Structures are given as structure tokens and as C-alpha cells.
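A.B. asks: If you're matching positions, the sequence shown starts at 348 in our numbering and goes up one per residue.
One structure, as C-alpha cells, below. Some questions next.
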Amino acid sequence: MPVLKTSNLTKMFGKLKALDGVNLEVNQGEVYGFIGPNGAGKTTTIRVLLGILKATEGEATVFGKNAWNDAVEIHRHLAYVPGEVNLWPELTGGEVIDLFLKFRGASVKESRREELLRKFNLDPSKKCGTYSQGNRQKVALVAAFASDADLYVLDEPTLGLDPLMEKVFQECMMEEKDAGKSVFLSSHILSEIEKICDRVSIIREGRIIETGSLSELRHLTRINMVVETRDPVSSLGELKGVHNLHEDGQVYSFQVDTEELGEVIRHLSRFEVVKLESAPPALEDLFLRYYQDAGGES
348 MPVLKTSNLT KMFGKLKALD GVNLEVNQGE VYGFIGPNGA GKTTTIRVLL GILKATEGEA
408 TVFGKNAWND AVEIHRHLAY VPGEVNLWPE LTGGEVIDLF LKFRGASVKE SRREELLRKF
468 NLDPSKKCGT YSQGNRQKVA LVAAFASDAD LYVLDEPTLG LDPLMEKVFQ ECMMEEKDAG
528 KSVFLSSHIL SEIEKICDRV SIIREGRIIE TGSLSELRHL TRINMVVETR DPVSSLGELK
588 GVHNLHEDGQ VYSFQVDTEE LGEVIRHLSR FEVVKLESAP PALEDLFLRY YQDAGGES
């Protein structure tokens, strides 16, 4: 049974259709990426999963239970981190962490709490009103990872963190995955998604437009190549699947459609290849393809 699942999930706000038949399925031990620009429906989807919003149509289940009707029971086994954390300014960071854990009914070893405070370099004795955005984010992350949840729902969890703390966050994520926990991660940081996610869904205007592992999705975009040859290459720009060709002497940089790569390599081999560099398409390439090329809109 999936840890998290939506079937034809639809959410209306008056006449506005924020979600339009969203289908997601997250399995145990899986880190699942959920990406899309602002207004695409990411946070609305998460709020339905958390039982904050009720779906207009369709179904959302977490641990096999209805996300709306069984929200209290679900939250005992779930940890949530929003993108912008607001805390009680007169409480210390440590008091808020303990309060969050008590809300969840979570029991935690003191050693685990101290270990996370040390990893995230957070002083729990300071009042939250003195914290920067990054430190407020750390409070929520420490509370989440200390709770020993079965599912982590993270909505832009690294906003305000510096690169070193982002790396600590990624390490904590991999620890949870190795422990068999599941993660549903919404993020604008595509490199973060690319490093740690097993599968990804891309949402656009309330609809899921692509889902799969990164290796499955990469066939939909182009490979970046730089080739140097001993002899000048003729007709390279005329080959099917070659795009954005730039020539500098006998050094050629271009993009090639994955399905045409073999034919392009065969053509290049006739001109005595001296150097060849290829880079697999990044998640960002796929993301930009959908959000710049689809319908001619960015």
C-alpha cells in the first residue's frame, strides 16, 4: 500500500480550479520530488494532504487513511515543514522544538535532539524573535527530524539556509530514507531534487504533466555535447536532432536529442574525434522545457 496517494484530486476556489485531477503515489522508503513554479498547485496539494483543505473532488489518502477525515491520526506519524516558518517570538528555539514534538505526541531521545541541534548549528537558548529566517527554518527541521516520523512532508524546507546547512539537510534526508522512511519534497532548488529524489512529478497549472525517475525523464530532453575533431566536420548542423550548434575552429558545442545520439556519434567518428565531452540533461533542462516551451509561455 502506498504511504501517500491522490486519485483525480481536484480543488476549486470559487470558479478557479487550483488542482485538476492530480494523481500522485509515494511508496515506503521513497524520496519523492514535487516541482513547479509559484501558483502551479504545489502548496494546495500539500494542504489537502495535511487535512488543512478539503478536496472538491477525488481522494487523498495518507497511510491508507482519508486525509481530511483522519487528519488527527495521520499527523501522529507525519512531520511537516513549511517554506516560511513563523514561531512564537517570546519562546526559545528549544521550547518551540519541545512544543512541536509534544503536539505530535512524538517521543525522542535527548541524544538525537542534541545531535540535530549540533548538525544545524542552532542555539536553542535564544528567543525565536531574535532568529533569522534560516534559524527559524532550522527549528522546524530539527523538530521534524527528531520526531521519528514515518512520512516527512516538506514544502520548500531549505528557504533561508546557507549551502552548508542545505548539505546537512540532504544528509538528514538520506538518513531517513536509509531508515525506510518516506519523504514528499516540494522545492524550487532543482539541484536539491536531482541529488536526493527517487522520482519526480512536475505540476503545471494544477495538472501533473510528467512523472517518473530522473533516468526515465531524461530521455525527454537533450544531451549537452562538446566535441573536438582533427578534421573539420561537415553538415553537423543539418543532422536530425542537433540543436544550438556553436563552432570554434574544430571545437563544436551543441545539444542533441537523446534518440539521435547514436547517429550523431557515427557521423562525428568520420572526422577523427580528438576530444568528446557529454553531460546528461539536468532536471533544470526538463523543467525549463515545460515552462518555457509549453504554449509559448514562461
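Quick reminder that beta carbons are idealized off the backbone N, C-alpha and C, glycines included.
If you're wondering where the values come from, they're calculated on a predicted model, not measured in any experiment.
Could you check the C-alpha separation between leucine 586 and valine 378 for me, to the nearest Å?
C.D. replies: Within the sequence shown, the letter at position 239 stands for residue 586. Within the sequence shown, the letter at position 31 stands for residue 378. In a straight line, the C-alpha of leucine 586 is about 39 Å away from that of valine 378.
A.B. asks: Could you check where the alpha helix (DSSP H) with phenylalanine 516 kicks off and where it finishes?
C.D. replies: Within the sequence shown, numbered from 1, the residue matching residue 516 stands at position 169. 510-525 is the extent of the alpha helix (DSSP H) around phenylalanine 516.
A.B. asks: My assumption, with CB atoms under 8 Å, is that isoleucine 393 sits in contact with aspartate 497. Please give the rounded CB distance.
C.D. replies: The sequence position of residue 393 within the sequence shown is 46, counting from 1. The sequence position of residue 497 within the sequence shown is 150, counting from 1. With 8 Å as the limit, isoleucine 393 and aspartate 497 do not qualify as a contact, their Cβ atoms being about 17 Å apart.
A.B. asks: With a threshold of 16 other CB atoms inside 10 Å of the CB of arginine 551, please say whether the residue is buried or exposed.
C.D. replies: As a working mapping, residue 551 is identified with position 204 in the sequence shown. When all chains shown are included, arginine 551 counts as buried.
A.B. asks: What is the DSSP secondary structure of glycine 476, reduced to helix, strand or coil?
C.D. replies: Numbered from 1 along the sequence shown, position 129 holds the residue referred to as residue 476. It is helical.
A.B. asks: Would you please verify whether the beta carbon of asparagine 482 is less than 8 Å from any beta carbon of chain D?
C.D. replies: Although the question refers to chain D, the structure presented lacks it and comprises just one protein chain.
A.B. asks: If contacts are defined as beta-carbon pairs under 8 Å, then serine 533 and phenylalanine 381 qualify, I think. What distance do you get, rounded to the angstrom?
C.D. replies: Taking the first residue of the sequence shown as position 1, residue 533 is located at position 186. Taking the first residue of the sequence shown as position 1, residue 381 is located at position 34. Right, the Cβ-Cβ distance comes to about 4 Å (below 8 Å), so this counts as a contact.
A.B. asks: In angstroms with no decimal places, state the Cα-to-Cα distance between leucine 463 and valine 489.
C.D. replies: Here residue 463 refers to the residue found at position 116 of the sequence shown. Here residue 489 refers to the residue found at position 142 of the sequence shown. Cα to Cα, the separation comes out at about 6 Å.
A.B. asks: Measure the Cβ-Cβ separation of phenylalanine 601 and histidine 590 and say whether it is below 8 Å.
C.D. replies: For this step, residue 601 is matched to residue 254 along the sequence shown. For this step, residue 590 is matched to residue 243 along the sequence shown. Yes. Within cutoff.
A.B. asks: Run the CB neighbour count on leucine 564, radius 10 Å, all protein chains shown included, and call it buried at 16 or more, exposed below.
C.D. replies: The count along the sequence shown starts at 1 and reaches residue 564 at position 217. Buried, since its Cβ has 16 or more Cβ neighbours within 10 Å.
A.B. asks: Given this structure, state the Cα-to-Cα distance separating proline 471 from proline 504, to the nearest angstrom.
C.D. replies: In the sequence shown, the residue the question calls residue 471 occupies position 124. In the sequence shown, the residue the question calls residue 504 occupies position 157. In a straight line, the C-alpha of proline 471 is about 19 Å away from that of proline 504.
A.B. asks: Quick check: the segment 572-579 against the segment 396-408, are there 3 or more CB pairs under 8 Å?
C.D. replies: Judged by Cβ distances under 8 Å, the segment 572-579 makes no contact with the segment 396-408, as fewer than three pairs qualify.
A.B. asks: So, using beta-carbon positions, are alanine 426 and tyrosine 499 closer together than 8 Å?
C.D. replies: Your numbering for residue 426 matches position 79 in the sequence shown. Your numbering for residue 499 matches position 152 in the sequence shown. In contact: alanine 426 and tyrosine 499 (Cβ atoms closer than 8 Å).
A.B. asks: Which of the three DSSP states is assigned to serine 534 in this structure?
C.D. replies: The residue you call residue 534 lines up with position 187 of the sequence shown. In the structure shown, serine 534 sits in coil (DSSP, three-state: anything other than H, G, I, E or B).
A.B. asks: Between the segment 513-522 and the segment 441-450, can you find at least three pairs of beta-carbon atoms closer than 8 Å?
C.D. replies: Too few Cβ pairs lie closer than 8 Å, so no.
A.B. asks: Taking the C-alpha atoms as reference points, what is the distance between glutamine 484 and isoleucine 612?
C.D. replies: Within the sequence shown, numbered from 1, the residue matching residue 484 stands at position 137. Within the sequence shown, numbered from 1, the residue matching residue 612 stands at position 265. When rounded, the distance between both Cα atoms is 48 Å.
A.B. asks: Quick check: what's the CA-CA separation for threonine 391 versus valine 620?
C.D. replies: In the sequence shown, counting from the first residue as 1, residue 391 sits at position 44. In the sequence shown, counting from the first residue as 1, residue 620 sits at position 273. Roughly 51 Å between the two C-alpha positions.
A.B. asks: Check whether the Cβ atoms of valine 709 and valine 573 sit closer than 8 Å, and answer yes or no.
C.D. replies: Outside the shown range of the chain (348 to 645) lies residue 709, about which nothing can therefore be said.
A.B. asks: Let me make sure I understand the geometry here. Which of Val369, Gly476, Glu624 and Glu606 has the alpha-carbon closest to that of lysine 358?
C.D. replies: The residue given as residue 358 occupies position 11 in the sequence shown. The residue with the shortest Cα to Cα distance from lysine 358 is Val369.
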